[in-house]
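Novice: Please find one structure pasted underneath; my questions will follow.
In mature numbering (1 follows the signal peptide of the UniProt record, and there is no 0), the protein residues as written are -23 to -1, 1 to 479.
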């Protein structure tokens, strides 16, 4: 009896611990019972088909029998990768073309055309000199192998020693994976179309870059008077691999391509879904577990570029009230799943935008009926260049109008109109200041000019009169102050007759 009580208490504590640390989302599940017979020997098989994707990342299934909980199964989406099966096209090295030519000397003046060409070729040597010791591998991917990584956690509830075991399952399409209690199969897989999977790649060690298809070294030579003239295109492979637009990783709102030692790998962040089938012969019932909470996200600002592969990105911080769980973000055209916690969990999300001004109203929901709204706003940059289109046309590549990235002319006109308004307001303020100055200052100018002229003329007279010796006393010139006093008494100074005390 005490053993049963102890086991039940331990089971309840373990279930409470799981509910507190792990959160489950509501997923689509289809149950199907079928009878499999081999002659007279038949057994009932239960099939549970559920969907996992980056939006519905966590599925929790409770296995019961006769109203008794046996175990809890939790499947968590980790990532979906596509691995490249390399088909090597060629090996190359970064080299430069060199032409060694010697002036021909002929004794006979009459040479046949073929002999003349043979003489030229004998005296001309064309060779390539390696620039460094790196060996580059030019390859393409003949096949992309899908791998789904799922964290599978099984918690035994109704047992003498309740325990939880976790393992990472690598699921491939239509290949069964055996576990202790069931068979798991990745029955369906849907991924978006990625044009980069058809590209060529060039690799040096673990550094990988994209390579234009059907691009081979070009060498053209023609005879001249004394030397052989060769037009060669020296391919700067190092500069090509270090270019920002060619080097991996390549980030987009829905997928990311990264480099690995065995080749490029493609990781899907959204726009994909999988269907997983769980088969068992146990007589059990399956219950879906869903956790609820109230989650909130504040208004965030987006940054990045529009009309580009990388897209726009922003950091969102999700707050929950009671526990740590996954929140579902729904916008007008995209959806995300982000972790939420009481202290706030920060996650980066991406958008693909084709306009400069970005404003998106989104909602956050954590399992329950509480739906909160938040806004993502920002002004994005244009990173396209018309020079790339011109260079592609000069190389003879076909360019479609829908492949050219155009700037947001509407945003440009808005900026231009704002600049015109600011300029007009500034000009109006300057003209108003000039008008006020004309109204209030111009009438005072004549009097001010007269006063300034009179003051200047008075100073000039003082300097002029003080510089001359008009009165001498006993053969010497009086000082300037005494002279001005004497002139003022005589009424001959610049100030006229001034009554001064004797």
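For each residue, glycine too, the CB sits at the ideal point set by N, CA and C.
#1: How would you call residue 270, buried or exposed, if buried means at least 16 neighbouring beta carbons within 10 angstroms?
#2: Count the other C-beta atoms from every protein chain shown that fall within 10 angstroms of the C-beta of residue 161, then say buried if there are 16 or more, exposed otherwise.
#3: Run through the DSSP bridge pairs and tell me what residue 169 is partnered with.
#4: Is residue 107 helix, strand or coil when you go by DSSP?
#5: Using the three-state DSSP reduction, which class does residue 324 fall into: helix, strand or coil?
#6: For the alpha helix (DSSP H) containing residue 394, name the first residue and the last one.
#7: Check whether chain D comes within 7 Å of residue 57, counting only Cβ atoms and requiring the distance to be less than that.
#8: Mapping the DSSP letters down to three states, classify residue 157 as helix, strand or coil.
#9: What are the start and end residues of each continuous alpha helix (DSSP H) run of 4 or more residues lying completely inside the region 211 to 268, in chain order?
#10: Under a Cβ-count criterion, where at least 16 other Cβ atoms within 10 Å of its own Cβ denotes burial, should residue 283 be classed as buried or exposed?
#11: Can you have a look at residue 348 and say buried or exposed, based on whether 16 or more other CB atoms are within 10 angstroms of its CB?
#12: Taking only the alpha-carbon atoms, compute the straight-line gap between residue 421 and residue 399 and give it to the nearest angstrom.
#13: Quick check: the Cα distance between residue 340 and residue 281, rounded to an integer number of angstroms?
#14: If residue 343 and residue 304 are in contact, beta carbons under 8 Å, what's the gap, nearest whole angstrom?
#15: Go through its chain and collect everything with a Cβ distance to residue 337's Cβ below 6 Å, but skip five positions before and after it.
#16: Going by DSSP in three states, residue 56 sits in which element: helix, strand or coil?
#17: Tell me, which residues are paired with residue 117 by DSSP?
#18: Would you check if there are 3 or more beta carbon pairs closer than 8 Å linking the region 242 to 254 to the region 161 to 180?
#19: Just curious, the beta strand (DSSP E) that residue 333 is in, first and last residue?
#20: Specify whether the region 123 to 136 and the region 106 to 113 touch according to this definition: at least 3 beta carbon pairs, one from each stretch, less than 8 Å apart.
#21: Helix, strand or coil: which one does DSSP assign to residue 187?
#22: Over the uninterrupted beta strand (DSSP E) stretch that includes residue 282, give me the two end residues.
#23: Beta-carbon separation of residue 314 and residue 34 under 7 Å?
#24: Excluding the five sequence neighbours on either side, which residues of its own chain have a C-beta within less than 7 Å of the C-beta of residue 63, listed in chain order?
#25: Just curious, the beta strand (DSSP E) that residue 357 is in, first and last residue?
#26: Indicate whether residue 225 and residue 236 have their beta-carbon atoms separated by less than 7 Å.
#27: Between 385, 350 and 345, which has its C-alpha nearest residue 356's C-alpha?
#28: DSSP on residue 16, reduced to helix/strand/coil?
#29: Starting from residue 303, follow its DSSP beta bridges and name the residues at the other end.
#30: I need the DSSP call for residue 51, collapsed to helix, strand or coil.
#31: Nearest-angstrom Cα distance between residue 58 and residue 146?
#32: Applying the criterion that 16 or more other CB atoms from any shown protein chain within 10 Å of the CB defines a buried residue, is residue 234 buried or exposed?
#33: Output needed for residue 183: all residues of its chain with C-beta closer than 8 Å, excluding positions within five of it in sequence on either side, in chain order.
Specialist: So, from the listed chains and residues:
#1: buried
#2: buried
#3: Per DSSP, none; premise fails for residue 169.
#4: strand
#5: strand
#6: In the DSSP annotation of this structure, the continuous segment of the alpha helix (DSSP H) that includes residue 394 starts and ends at 386 to 418.
#7: Of the protein chains in this structure there is only one, and it is not chain D.
#8: coil
#9: Within the region 211 to 268, the runs of alpha helix (DSSP H) that reach at least 4 residues and sit entirely inside it are, in chain order, 214 to 219.
#10: With 16 or more other Cβ atoms within 10 Å, it is buried.
#11: exposed
#12: 33 Å
#13: 22 Å
#14: Yes, residue 343 and residue 304 are in contact; Cβ-Cβ is about 5 Å, under 8 Å.
#15: Cβ neighbours of residue 337 beyond the five flanking positions: 308 and 353.
#16: Of the three classes helix, strand and coil, the one that applies to residue 56 here is strand, per DSSP.
#17: Per the DSSP secondary-structure output, residue 117 pairs in a beta bridge with 64 and 177.
#18: yes
#19: No beta strand (DSSP E) holds residue 333; DSSP gives it neither H nor E.
#20: no
#21: strand
#22: The continuous beta strand (DSSP E) containing residue 282 extends over residues 280 to 283.
#23: yes
#24: 116, 118 and 240
#25: Premise fails: residue 357 is in no beta strand (DSSP E) and is neither H nor E.
#26: Result yes, Cβ atoms of residue 225 and residue 236 sit closer than 7 Å.
#27: 385
#28: coil
#29: 316
#30: strand
#31: 13 Å
#32: By the 10 Å Cβ count, residue 234 comes out buried.
#33: 236, 237 and 238
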